[in-house]
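Participant: Take a look at this one; I'll ask things after.
So, in structure tokens, the structure goes:
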């Protein structure tokens, strides 16, 4: 009985080692789409996003936000992430922070600073109001360089006093670097 367990363990380890290069490693993020969440009408703050080619090599985003709540340090964030596998998009990970601003500054500071500059803002908080940014180029280099390969969908929620007031859905793929990309 013990030898059967050892054999099974060895087979699993061999599978992971042999196939591991197809599961996790260096690569690049590709943003596929950014959309409103389903049941969008229930959220006070709506975000309209248009994704388009800025030029031959870059994708740009134009977005309009009608902010119904002050975006300050009391706004929290939750991102529910699913990964496409056989059988659909299965829950993969949840990221959360009691302060959406702290989360943004920790994981996307350069991207957030660039967007704020396009709004002629020096930083947070953002007061209630309407905001628009045209042709914003998101720097995917700020995202992790090593990750699990695959297709993902994340739904990001802004929450104030326990109530979700905004939602956006992002589809992204993490793919292996092409040999020619690694030479650049």
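Residue numbers (our numbering): 106 to 289. All residues carry an ideal CB built from backbone N, CA and C; glycine is no exception.
If you pair each beta-carbon of the segment 203-219 with each one of the segment 171-184, do three or more pairs fall below 8 Å?
Facilitator: Because the criterion of three Cβ pairs below 8 Å is met, the segment 203-219 and the segment 171-184 touch.
Participant: In whole angstroms, what separates the C-alpha of residue 149 from that of residue 229?
Facilitator: If you take the alpha carbons of residue 149 and residue 229, they lie about 20 Å apart.
Participant: Taking the alpha carbon of residue 130 as the reference point, which residue from 254, 262 and 196 has its own alpha carbon closest?
Facilitator: Checking every option, the nearest Cα to that of residue 130 belongs to 254.
Participant: Between residue 165 and residue 240, how many whole angstroms is the CB-CB distance? I'm expecting something under 8 Å.
Facilitator: Sure, about 5 Å apart at Cβ, within 8 Å.
Participant: Could you pull out every unbroken beta strand (DSSP E) segment of at least 3 residues lying fully inside the segment 127-215, listed in chain order?
Facilitator: Fully enclosed beta strand (DSSP E) runs of 3 or longer: 129-141, 151-158, 164-172, 181-190 and 193-202.
Participant: Would you tell me roughly how many angstroms separate the C-alpha atoms of residue 221 and residue 158, rounded to the nearest one?
Facilitator: So the two alpha carbons sit approximately 21 Å from each other.
Participant: Return the residue from the list 261, 238 and 251 that minimises the CA-CA distance to residue 199.
Facilitator: Checking every option, the nearest Cα to that of residue 199 belongs to 261.
Participant: With 16 other CB atoms within 10 Å as the buried threshold, where does residue 271 fall?
Facilitator: Flag for residue 271 reads buried.
Participant: Just to confirm my understanding: we take residue 244, look at its own chain, exclude 5 residues before and 5 after, and list those with CB closer than 7 Å. What are they?
Facilitator: Closer than 7 Å at Cβ, skipping near neighbours: 215 and 216.
Participant: Under the DSSP definition of a beta bridge, which residues are partnered with residue 256?
Facilitator: Residue 256 is bridged to 278.
Participant: Judging by CA-CA distance, which residue of 168, 196 and 251 is the nearest neighbour of residue 236?
Facilitator: Of the listed residues, the one whose Cα sits closest to residue 236 is 168.
Participant: Under three-state DSSP, which class holds residue 239?
Facilitator: DSSP places residue 239 in strand when its eight states are reduced to three.
Participant: Below 6 Å CB to CB, which residues in the same chain sit around residue 274 once its five sequence neighbours on both sides are set aside?
Facilitator: The residues are 140, 142 and 260.
Participant: Can you tell me the Cα-Cα spacing of residue 267 and residue 213, whole angstroms?
Facilitator: Residue 267 and residue 213: Cα-Cα distance of roughly 24 Å.
Participant: Bridge partners of residue 269, per DSSP?
Facilitator: According to DSSP, residue 269 bridges with 264.
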